[in-house]
Amino acid sequence: MLAQSSVLLDTFQEAKLSHQFYHQNVPALMRMFHLSREQAKAVAGSRPQCQSYQVPFLDRGVNPHGLNSNELWQTDIT
1 MLAQSSVLLD
11 TFQEAKLSHQ
21 FYHQNVPALM
31 RMFHLSREQA
41 KAVAGSRPQC
51 QSYQVPFLDR
61 GVNPHGLNSN
71 ELWQTDIT
């Protein structure tokens, strides 16, 4: 049991460090570090800078063809 909690602490710390550097959202933290939703919310909510950001409202049909929700896509604004 002690070894398992040690591994969980290491994973939680890795997720915290990764979020501090890359600013991932809750679904990304859940996927990358195999965390529960509550654990990922705790990681994302641990930084005061990240708590003030709001996701902009996007109307239906904004995903380019071939992409699903929670997938990364890049745009070029020139």
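Each residue of the sequence shown is one higher than the one before, starting from 1 at the first, in full-length UniProt numbering.
The beta carbon of each residue, even a glycine, is placed where N, CA and C say it ideally should be.
It should be emphasised that the depicted structure is a prediction, and the values quoted were computed from it without experimental measurement.
- Judged by DSSP in its simplified three-state form, residue 24 adopts coil rather than helix or strand.
- When the alpha-carbon of residue 17 is set against those of 48, 31 and 43, the nearest one is in 43.
- Remark: C-beta atoms of residue 47 and residue 24 do not approach each other more closely than 8 Å.
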